[in-house]
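The working numbering puts the sequence shown at residues 1437 to 2033. Quick notes on the structure that follows.
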Amino acid sequence: MCGIAGILSYQKSINIPRWLHNASQLLQHRGNDDDGITLFSNNNTYCSKISHPLSHHPMLPYLQHIPYSDIPTIDVYLGLLHQRLSILDLSEYGHQPMCNEDGTVWITYNGEIYNYKQLRRMLEQQGFHFFSNTDTEVVLKAYLYYGKNFVRYLNGMWAFCIYDTKTKEIFLSRDRIGVKPLYYIYSSNLFAFASEQKVFLKTRLIPFEINQKALSKYLLDNVLEYEEEGIFKYIYELQPGENIIVNTNNLQIKKEKYFLLEELLSNNEIQDEQDIIRNTKNLVSTSIFEHLQSDVPVAVALSGGIDSSVIASIAAQHIGQLHAFSIVYPQNPSIDESPFIPEVNKKLGSIPHLITPTPEEFFQDIDELLYSQDIPIWSTSTYNQFVLMREVKNNHIKVILSGQGSDELFAGYQHHYVAYWLSLLKKFQLKNLLLHLSKSTTFLSDPYSLLIKSVIKNFYSYHRLLASKFISKDILRQYSNTKEHFIHADLNKELVKDLSYRRLKAFLKCEDRCSMWHGVESRLPFSDDITLLKYAFQIPEYLKLKNGISKYILREAFKNELPKSIYERKDKKGFVTPGEIKWLRGPLKYLIDEPLT
């Protein structure tokens, strides 16, 4: 996991080496183990480092560097930057930007490819040689063998830029779900990209202007930056499953979609329940195992829910005693996970790290928290992630596994019940609807009211009703036809919608910003394993909520690995703070009142 940036420009007014130096300082938190800069002029390629020098290697041009201060600025048209957080192959052979043996193709890369060992073996059979044990070199040489289509063979999370000096093309790609971020700006004479928006704003490459459309969207639908255009004008987000190709001669840009989430929807549903349970267990276990690949210690974020408990259980089978990091609020029973977490730790023999954030700490950290996120936070729950990742860093751990994405695959939210009920209603299966509503009372306090309220919300959004008091009618009319808040009358379609935007996209952004601010790599076994994703959408909707039980298949698959209380757990507290109500009505109330006075 790292920070990347790059800039292509023929404007003499832009000092590319200086811009990269400033970008390096702004992305240093994403990787402080190493840094690298590569610059391209009409006649030369320059490799440099801002920090300590590297040794030389005759077959590795990217290790043959010159001092940063000696880099000429004349005729430099392209520069690539990499801030490294060393996870695989901690040696200097993992230094980036990295290139092939003849120095014609270069890469700056952020992410983890979990099937890189299999890809490497295949490439070795084709005659490729490797100098490092990194997944970066595998990505680079997969491009050399397959061309741009190689991303279809990757299983993992990524955001990278490849520059091919022969074709004079820049190739950028982002993973299928959007676990790793990648932003860009462009004009007729400039193209630049970076892992975070602050790089463009703090270096003043663009003016600081708010995108009113995106801001209104946030106020109306509580949705922020799920489209290409974000809250900052002129900054675009490369979308999940998308590539960009830039011609360095004329700065022409071509975008292509190599993966659509709708492709997950399958007509080949599997009907045998026991086969599904067995295969789900194997696929989830394999994904967790592959996410444990690391040359540094790995920990687990443990909430006491099913998802994180499954990850902890499988991880413990492979690496022994785990460090488990948890947020608890013993004084707030309605959101506290304390009753469940110790049972998992006891069963696994984990080393517990229990953290209880306070409103005083929140106030002390709020500026740093907001700066780390780049955009408005969804809620104070973001602070939970922020504090947890800081504690991980303080314990000198670089990698942590988290359960994000499980709810979107296996149906873990209340509105997933509604989607299934609407599906039954649409099919006129009234008997099955009433039966499922009755069984759902075990997990839901009042499923009948939930269904009625959700149907009403399908016609009018609560957020829009509230926002209409403050936002002009012109803006309201502009969004009158949006449907993001609608619930599909099809459970698997609703799950794809959750993967596409709104919930998971916001969670992934928070996960990345909070973890990388503290130099921690967060890995998500449920979110970025394409084999697991495809299989999960072959599971019929009636099995995902069988007998009114949320995440029925996942529960049954790991029934024997989980403490009984976790397997039978009915409530879902969410990763929230008392700040949702108590903090902002009590000691931090002035944070809301002050701007309005």
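Using N, Cα and C, we set each Cβ at its ideal position, and we do this for glycine too.
Cβ neighbours of residue 1709 within its own chain (closer than 7 Å, five residues either side excluded): 1979.
With a cut-off of 8 Å on Cβ pairs, the region 1671–1680 is in contact with the region 1606–1620, counting three or more such pairs.
When rounded, the separation of the alpha-carbon atoms in residue 1727 and residue 1447 is 43 Å. Beyond the five residues adjoining it in sequence on each side, residue 1635 comes within less than 6 Å, by CB distance, of 1441, 1459 and 1462 in the same chain, given in chain order.
In the DSSP assignment, residue 1519 falls within the unbroken beta strand (DSSP E) covering 1512–1520. Remark: C-beta atoms of residue 1825 and residue 1734 do not approach each other more closely than 9 Å. Take residue 1570, set aside five residues on each side of it, and the residues of its chain with a beta-carbon closer than 6 Å to its own are 1524, 1525 and 1530, in chain order.
Counting along the chain, residue 1795 sits inside the alpha helix (DSSP H) bounded by residues 1795–1809. For residue 1759, the enclosing beta strand (DSSP E) stretches over residues 1759–1763.
Of 1456, 1994 and 1973, the smallest CA-CA separation from residue 1699 is found for 1973.
For residue 1972, the enclosing alpha helix (DSSP H) begins and ends at 1966–1972.
Pairing residue 1876 with residue 1981 gives a Cβ-Cβ distance under 9 Å.
Here residue 1696 carries a coil assignment [DSSP, helix/strand/coil]. The region 1866–1876 makes no contact with the region 1987–2005; the number of CB pairs closer than 8 Å stays below 3. Rounded to the nearest whole angstrom, the C-alpha separation of residue 1576 and residue 1873 is 52 Å. Assignment of residue 1751 by DSSP, reduced to helix, strand and coil, places it in the helix class. Per DSSP, the beta bridge partners of residue 1959 are 1837. Distances from the CA of residue 1757 to each of 1783, 1534 and 1696 were compared; the closest alpha carbon is that of 1783. With contact defined as three or more Cβ pairs closer than 8 Å, the region 1933–1952 and the region 1831–1845 are in contact. Distance check between residue 1736 and each of 1725, 1759 and 1715 places 1759 closest, using alpha-carbon atoms only. Pairing residue 1547 with residue 1879, the inter-Cα distance amounts to about 37 Å. For residue 1925, there is no enclosing beta strand (DSSP E), since its DSSP letter is neither H nor E. Each of 1871, 1717 and 1473 was checked against the Cα of residue 1519, and the nearest Cα belongs to 1473. Here the alpha carbons of residue 1975 and residue 1729 stand approximately 28 Å from one another. Between the C-alpha atoms of residue 1612 and residue 1678 there is a straight-line separation of about 8 Å. Put simply, of 1545, 1563 and 1572 the residue whose alpha carbon is nearest the alpha carbon of residue 1553 is 1572. Inter-residue distance for residue 1796 and residue 1453 is about 42 Å (C-alpha atoms, whole angstroms). Contact between residue 1747 and residue 1845 is absent: CB atoms are separated by about 13 Å, not below the 8 Å threshold.
About 5 Å separates the beta carbon of residue 1745 from that of residue 1780, a gap short enough to meet the 8 Å contact definition. Annotation for residue 1809: 1949 place their beta carbon closer than 6 Å to its own, counting only its chain and skipping 5 residues before and after. In summary, residue 1831 is exposed, with fewer than 16 beta-carbon neighbours lying within 10 Å of its beta-carbon over all protein chains present.
Per the coordinates, the alpha-carbon of residue 1466 lies some 40 Å from the alpha-carbon of residue 1854. In this structure residue 1789 is buried. Its beta-carbon is surrounded by 16 or more other beta-carbon atoms within 10 angstroms.
Per DSSP, residue 1877 lies in no alpha helix (DSSP H) and is assigned neither H nor E. By the neighbour-count definition (other C-beta atoms within 10 Å, threshold 16), residue 1739 is a buried residue. Residue nearest to residue 1537 within the set 1517, 1510 and 1567 is 1567 (criterion: CA-CA distance).
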